[in-house]
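Peer 1: Right, I'll just put the structure down here and ask away after.
In the numbering used here, the protein residues as written are 56 to 305.
As structure tokens, then:
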């Protein structure tokens with residue numbers, strides 16, 4: 056059993072392996088440092104809304120190595136998907152190009168998330184403000200600035216935070232579906248195989264529906280789509296210049 060486990064670990068491509076290690080170590084470090092009262096890594100490295108005082112450009116990169124510490128589900132789902140699809144994609148693209156692709160998808164997701172916050176922060180504020188009733192966002196902001204709420208505007212801006220590798224991972228899923236469109240995939244509890252291209256399309260439509268409808272509003276659905284959009288652009292560009300096959304595989 057130990058030999059099989061070592062063989063499985065050894066079969067993971069180097070960039071994918073290092074991404075898995077970094078993400079897990081950062082998740083564990085965040086938990087340990089928070090409980091020890093040393094530093095809140097999520098606050099410093101998670102992606103904040105650009106209007107907040109705690110935002111900095113480096114967070115566009117660092118946020119993709121952070122995960123929700125309230126449960127193991129967030130990091131497990133992302134790392135499982137990275138393990139499942141990452142090594143195969145790394146073999147096809149090559150380690151250097153694969154890493155570039157991963158980071159670009161993560162940056163694309165961060166950019167889209169900032170755009171979503173830019174166009175939605177006022178409605179988020181209106182839905183979450185505490186204090187006197189107000190008929191407009193302008194009046195709500197005025198009430199907050201006059202001290203009639205339990206928080207300041209800067210505290211509100213800084214409360215808009217996202218973490219996770221999901222945007223980059225959704226980019227990997229997108230690339231998998233485009234490069235291996237007809238590979239059969241099995242998704243529990245569906246009893247029959249689904250081609251990879253339909254699985255990816257389904258994921259994209261679900262994310263769009265959840266994002267527009269506000270379902271599961273604690274999940275950055277549009278950031279996931281941002282990762283997929285960045286992935287599409289990269290794959291189409293590489294196909295255009297002949298870097299990768301135009302027809303996919305399998």
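The C-beta atom is built at its ideal place from N, Cα and C for all residues, glycine as well. Just so it is clear, the structure is predicted and the values come from calculations on it, not from any experiment.
What is the rounded straight-line gap between the Cα of residue 188 and the Cα of residue 249?
Peer 2: In the chain shown, the residue the question calls residue 188 occupies position 133. In the chain shown, the residue the question calls residue 249 occupies position 194. Only weak support is given to the placement of residue 188: the predicted model assigns it a pLDDT of 49, under 50, and the question is left unresolved by the model.
Peer 1: Under 6 Å Cβ to Cβ from residue 186, same chain only, skipping five residues before and after it: list those, please.
Peer 2: Within the chain shown, numbered from 1, the residue matching residue 186 stands at position 131. Below a pLDDT of 50, predicted positions are generally treated as unreliable, and residue 186, at 49, falls in that range; the measurement from the model is reported next regardless. Answer for residue 186: 198, 203 and 204, listed in chain order.
Peer 1: How about the segment 84-101 and the segment 203-222: do they share at least three Cβ pairs that are nearer than 8 Å?
Peer 2: Counting Cβ pairs under 8 Å, three or more are found: they touch.
Peer 1: Could you tell me how far apart the beta carbons of residue 117 and residue 137 are, in whole angstroms, since I believe they sit closer than 8 Å?
Peer 2: In the chain shown, counting from the first residue as 1, residue 117 sits at position 62. In the chain shown, counting from the first residue as 1, residue 137 sits at position 82. Going by Cβ atoms, the distance from residue 117 to residue 137 rounds to 17 Å, so no, they are not a contact pair.
Peer 1: Check whether the segment 225-241 touches the segment 278-297, counting contact only when three or more Cβ pairs, one atom from each stretch, lie closer than 8 Å.
Peer 2: Taking 8 Å as the limit for Cβ pairs, the verdict is that the segment 278-297 does touch the segment 225-241.
Peer 1: What three-state label does DSSP hand residue 187 in the structure shown?
Peer 2: Counting from 1 along the chain shown, the entry for residue 187 is found at position 132. Residue placement at residue 187 cannot be trusted, given a pLDDT of 49 that sits under 50; the coordinates are not used to answer.
Peer 1: Excluding sequence positions up to five away, which residues of its chain have a Cβ less than 7 Å from the Cβ of residue 69?
Peer 2: Numbered from its first residue, the chain shown carries residue 69 at position 14. The residues are 150.
Peer 1: For residue 36, is the classification buried or exposed, using 16 other Cβ atoms within 10 angstroms of its Cβ as the cut-off for buried?
Peer 2: Since the first residue shown for the chain is 56 and the last is 305, residue 36 is missing from the structure and cannot be characterised.
Peer 1: If you reduce the DSSP assignment to three classes, tell me which class residue 229 lands in.
Peer 2: Counting from one through the chain shown, the residue named residue 229 turns up at place 174. Residue 229: helix per DSSP, three-state reduction.
Peer 1: Contact defined as beta carbons within less than 8 Å: I believe residue 109 pairs with residue 200. What is the distance between those atoms, to the nearest angstrom?
Peer 2: By 1-based counting over the chain shown, the position of residue 109 is 54. By 1-based counting over the chain shown, the position of residue 200 is 145. With a Cβ gap of about 19 Å, residue 109 and residue 200 do not count as contacting.
Peer 1: Measure the Cβ-Cβ separation of residue 173 and residue 278 and say whether it is below 8 Å.
Peer 2: The count along the chain shown starts at 1 and reaches residue 173 at position 118. The count along the chain shown starts at 1 and reaches residue 278 at position 223. Going by C-beta atoms, residue 173 is not nearer than 8 Å to residue 278.
Peer 1: What did DSSP end up calling residue 122 once you bin it into helix, strand or coil?
Peer 2: Looking up residue 122 in the chain shown gives position 67. Coil.
Peer 1: Assuming residue 240 and residue 223 are in contact, meaning their beta carbons sit under 8 Å apart, how far apart are those beta carbons, in whole angstroms?
Peer 2: For this step, residue 240 is matched to residue 185 along the chain shown. For this step, residue 223 is matched to residue 168 along the chain shown. About 20 Å separates the two Cβ atoms, so there is no contact after all.
Peer 1: Taking Cβ positions, are residue 255 and residue 280 nearer each other than 8 Å?
Peer 2: Residue numbering aside, residue 255 sits at position 200 when the chain shown is read from its first letter. Residue numbering aside, residue 280 sits at position 225 when the chain shown is read from its first letter. Cβ atoms of residue 255 and residue 280: not closer than 8 Å.
Peer 1: State the Cα-Cα distance for the pair residue 71 and residue 157, rounded to the nearest angstrom.
Peer 2: As a first step, residue 71 is located in the chain shown; it is residue number 16 there, counting from the start. As a first step, residue 157 is located in the chain shown; it is residue number 102 there, counting from the start. Roughly 10 Å separates the two Cα atoms.
Peer 1: Buried or exposed: residue 104, going by 16 or more other Cβ atoms within 10 Å of its Cβ?
Peer 2: Residue mapping note: residue 104 aligns to position 49 of the chain shown, counting from 1. Buried, by the Cβ-count rule.
Peer 1: Taking 8 Å as the limit between beta carbons, can you name the residues of its chain near residue 121, skipping five residues before and five after?
Peer 2: In the chain shown, counting from the first residue as 1, residue 121 sits at position 66. Correct list, in chain order: 81, 82, 85, 96, 97, 100, 101, 218 and 219.
Peer 1: Which of the three DSSP states is assigned to residue 244 in this structure?
Peer 2: Position 189 of the chain shown, counted from the start, is the residue given in the question as residue 244. Coil at residue 244, not helix or strand.
Peer 1: CA-CA distance, residue 171 and residue 182?
Peer 2: Position 116 of the chain shown, counted from the first residue, corresponds to residue 171. Position 127 of the chain shown, counted from the first residue, corresponds to residue 182. C-alpha separation (whole angstroms): 16 Å.
Peer 1: Are the CB atoms of residue 297 and residue 225 nearer to each other than 8 Å?
Peer 2: Reading the chain shown from its first residue, position 242 is the one you call residue 297. Reading the chain shown from its first residue, position 170 is the one you call residue 225. Contact: no.
Peer 1: For residue 117, report the span of its alpha helix (DSSP H) as first-last.
Peer 2: Taking the first residue of the chain shown as 1, we reach residue 117 at position 62. Segment 114-117, the alpha helix (DSSP H) holding residue 117.
Peer 1: Does the Cβ-Cβ distance between residue 134 and residue 75 come in under 8 Å?
Peer 2: Translated into the one-based positions of the chain shown, residue 134 becomes position 79. Translated into the one-based positions of the chain shown, residue 75 becomes position 20. A contact, by the Cβ cut-off of 8 Å.
Peer 1: If distances are taken between C-alpha atoms only, which option among 111, 131, 148 and 107 comes closest to residue 176?
Peer 2: Reading the chain shown from its first residue, position 121 is the one you call residue 176. The shortest C-alpha separation from residue 176 is found at 107.
Peer 1: At what residues does the alpha helix (DSSP H) containing residue 135 begin and finish?
Peer 2: Indexing the chain shown from 1 puts residue 135 at position 80. Its alpha helix (DSSP H) spans residues 128-148.
Peer 1: In three-state terms, what does DSSP make of residue 203?
Peer 2: Taking the first residue of the chain shown as 1, we reach residue 203 at position 148. Residue 203 falls in the coil class under three-state DSSP.
Peer 1: Classify residue 140: buried if its beta carbon has 16 or more other beta carbons within 10 angstroms, exposed otherwise.
Peer 2: Here the question's residue 140 lines up with position 85 in the chain shown. Result: buried.
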